[in-house]
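Only one structure is covered here, and it is reproduced in the block below.
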Amino acid sequence: MSVSSALADLDLSDVTRPQSYEAYLAMRAPQGRRERYTLQLQLGQVPFTLPIPDPQRPMPGNRRVDEKHALEFGDYVAAHPDSWVCPPLLLRVDEVAAEPGPPLYFTAKAELPGRLCLGVLHVQRGSMVHFKILDGQHRVLGVARKLNELTIRIDELEQEVAEREDSDDTLAGMRLDDAREQLDQAKRARQEFTNATFTIDIYVENDAGAYKQMFYDIAQNAKGMTQSVKVRFDSRKVVNRAVALSSVTEHPLLKGRLEIEKDRVEGTSSNLISAKILADIIRTIAVGYIGRISSKQEAELTEEQLGEETVRYLDLLSTAFACLTAVRSGQAEIPQMRKNGTLLLSATMWRVLAGVFHVLKESHTHEEIIAFFRQLDPLMDTSNGLAEVWSRTEQFEVNAPSGRRESGVALVKIISGWFGMTTDQIRDWSPPVDLFAEDPPAGQPISH
0 MSVSSALADL DLSDVTRPQS YEAYLAMRAP QGRRERYTLQ LQLGQVPFTL PIPDPQRPMP
60 GNRRVDEKHA LEFGDYVAAH PDSWVCPPLL LRVDEVAAEP GPPLYFTAKA ELPGRLCLGV
120 LHVQRGSMVH FKILDGQHRV LGVARKLNEL TIRIDELEQE VAEREDSDDT LAGMRLDDAR
180 EQLDQAKRAR QEFTNATFTI DIYVENDAGA YKQMFYDIAQ NAKGMTQSVK VRFDSRKVVN
240 RAVALSSVTE HPLLKGRLEI EKDRVEGTSS NLISAKILAD IIRTIAVGYI GRISSKQEAE
300 LTEEQLGEET VRYLDLLSTA FACLTAVRSG QAEIPQMRKN GTLLLSATMW RVLAGVFHVL
360 KESHTHEEII AFFRQLDPLM DTSNGLAEVW SRTEQFEVNA PSGRRESGVA LVKIISGWFG
420 MTTDQIRDWS PPVDLFAEDP PAGQPISH
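Numbering (numbering that gives the first Met the number 0), first residue to last: 0 to 447.
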């Protein structure tokens with residue numbers, strides 16, 4: 000038998016052939032004059048299906064991507080595989096054909112009420128150049144980078160396992176099981192990440208001007224989220240959970256006087272501070288004015304601990320300062336106080352005093368701190384102008400402390416240094432030449 004006849008008799012029907020299209024169950028719906036296709040895309044398909052933004056080169060009709068923000072999204076998805084959430088990615092293509100043909104075509108399967116149509120969207124492999132991202136650049140880049148990072152980690156662990164398997168070192172052998180376990184965990188993490196899905200909305204629009212207008216409309220109509228709102232809804236951070244405690248929000252000084260939508264409180268508002276400032280105060284009480292809560296502290300501290308210290312601080316303010324005592328008892332109107340002039344309606348001053356409280360509470364009793372804050376009470380009135388001692392600190396702008404970070408640090412150090420002085424000594428204080436020669440006391444986190 001000749002070679003040609005032998006080959007002719009071969010049954011090759013079960014041989015896998017290269018697939019030129021990926022098929023996705025999709026819903027087609029009209030939105031205005033445009034068609035929109037909605038589908039699910041596995042994260043593992045992102046690098047092979049969508050264009051990956053370059054932080055150094057903005058995509059046409061889009062803004063430059065923030066690499067740090069993108070990486071944070073990838074980390075977020077990987078860290079919360081059971082609870083991560085994000086809105087649909089919005090993409091644009093020039094055309095979706097009704098008949099087979101590159102790069103995309105749609106096969107209708109069922110017409111539904113409301114001009115909806117269920118069908119199959121066929122996407123040619125390697126068609127990422129035909130997709131344009133309307134909204135979701137950071138999510139796409141973050142997913143692509145995280146997939147690469149997970150793959151590199153697996154490669155490193157596989158090499159480590161291989162080296163330990165070939166080693167005669169007893170210690171290396173003892174660590175082999177640990178390396179294998181880490182490798183298994185890394186593979187599971189990548190598989191879980193890869194199998195997760197995005198919702199994708201694909202709009203059909205081939206006019207470049209209209210495409211740019213779409214990007215603008217999306218950005219213009221999206222309402223930004225203030226830090227105060229973020230604090231209320233992000234429960235992963237211990238400080239934010241402390242803000243939500245009823246013992247804090249229902250404290251007699253704050254009850255009904257906490258701004259939960261805006262970050263700033265001013266003018267005729269009857270609120271004392273915002274949720275954002277409250278979170279800053281709680282953090283300052285715990286780790287100092289410039290302190291940050293580390294991952295270890297995040298795991299060890301509880302919202303109850305932070306809440307208890309915050310209540311002590313609120314008790315301190317409403318006991319030591321006459322105008323806040325009046326607010327607490329309902330005998331003072333905050334807008335009128337703001338009009339008259341007082342430093343005790345300055346969010347920065349609240350945080351500075353929290354920094355002072357953080358420093359002093361480690362070595363002084365609560366009663367001693369109350370007595371000290373009472374000495375400061377007369378200095379808080381600005382109805383007749385700023386007390387001269389504040390001007391000598393060089394950390395004030397007009398009748399309020401500067402919001403600069405270094406000014407807050409300086410004021411914490413200065414005011415803490417007044418502890419033990421008489422009222423007259425405080426009024427006559429002048430800054431020593433070497434006041435800022437050393438770093439301000441950092442303090443310690445809340446003990447438990």
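Note that the Cβ used here is the ideal one computed from N, Cα and C, for glycine as well.
- Cα-Cα separation, L253 to F356: 18 Å
- Task: Going by CA-CA distance only, name the one from A298, T422, I280 that's closest to A290.
- Result: With the sequence shown as reference, residue 290 is identified as Gly, and Ala is not the correct amino acid for it. Ranking the options by Cα distance to G290, first place goes to I280.
- Query: Is it right to say H137 is buried, meaning 16 or more other beta carbons lie within 10 angstroms of its own, or is it exposed?
  - Reply: buried
- Task: Taking only the alpha-carbon atoms, compute the straight-line gap between L182 and E191 and give it to the nearest angstrom.
- Result: 14 Å
- Can you check DSSP and say which residues form a bridge with E180? Looking at the DSSP assignment, E180 forms no beta bridge with any residue, so it has no partner.
- Query: So what does DSSP say about R91, is it helix, strand or coil?
  - Reply: strand
- Message: In the DSSP output, which residue or residues are listed as bridge partners for H121?
- Response: A22, Y104
- In or out: L115 buried (at least 16 other Cβ within 10 Å) or exposed? exposed
- Item | Length of the line joining the Cα atoms of D206 and D93 | 8 Å
- Task: Below 7 Å CB to CB, which residues in the same chain sit around R144 once its five sequence neighbours on both sides are set aside?
- Result: A69, L70, G73
- Query: What residue from Q374, A109, K261, E180 has the CA that sits closest to V119's CA?
  - Reply: A109
- Query: For M127, which residues from the same chain have a beta carbon less than 7 Å from its beta carbon, with the 5 sequence-adjacent residues on both sides left out?
  - Reply: T48, L49, P50
- Message: Cutting at 8 Å between CB atoms, please list the residues of its own chain near N194, excluding the five before and the five after it.
- Response: Q41, L42, G43
- Give me the Cβ distance between T225 and D262, rounded to the nearest whole Å; I'm assuming they're in contact under 8 Å. 5 Å
- Query: Out of curiosity, what's the CA-to-CA distance linking R369 and S415?
  - Reply: The sequence given here places Ile at residue 369; Arg does not occur at that position. So the two alpha carbons sit approximately 13 Å from each other.
- Message: If distances are taken between C-alpha atoms only, which option among S429, Q184, E366, S382 comes closest to L344?
- Response: S382
- Message: For Y288, tell me which candidate among R187, K67, A278, V432 has the shortest Cα-Cα distance.
- Response: A278
- Task: Taking only the alpha-carbon atoms, compute the straight-line gap between L244 and Q304 and give it to the nearest angstrom.
- Result: 11 Å
- Message: Less than 7 Å between C-beta atoms, sequence neighbours within five positions excluded: which residues of the same chain meet that for G402?
- Response: T347
- Message: Taking its Cβ as the centre, do 16 or more other Cβ atoms sit within 10 Å of Y23, making it buried, or is it exposed?
- Response: buried
- Query: Can you give, in chain order, each stretch of the alpha helix (DSSP H) that sits fully within the region 331-359 and has at least 4 residues?
  - Reply: 333-339, 346-359
- Query: Would V230 pass as a contact of V247 if the rule is Cβ separation under 9 Å?
  - Reply: no
- Classification of N220 by the beta-carbon crowding that lies within 10 angstroms, buried from 16 upward: exposed
- Query: So, A274 versus S234, is the Cβ gap smaller than 9 Å?
  - Reply: no
- Check whether the Cβ atoms of L410 and G354 lie closer than 9 Å to each other. yes
- Query: Cβ of R391 within 9 Å of Cβ of P430?
  - Reply: yes
- Item | Residue span of the beta strand (DSSP E) that contains V203, given as start and end | 196-203
- Anyone know if the C-beta pair for L90 and I132 falls short of 9 Å? yes
- Task: May I ask you to list the residues that DSSP assigns as paired with G43?
- Result: None; G43 has no bridge partner.
- Task: Can you tell me which of R426, S268, Y20 puts its alpha carbon nearest to the alpha carbon of V122?
- Result: Y20
- Task: Please determine, among I217, H365, L315, the residue with the shortest C-alpha to C-alpha distance to D464.
- Result: The chain is shown from 0 up to 447; residue 464 falls before or after that span and cannot be answered.
- Message: Under DSSP, the alpha helix (DSSP H) around K222 begins and ends at which residues?
- Response: Careful: K222 lies outside any alpha helix (DSSP H) and carries neither H nor E.
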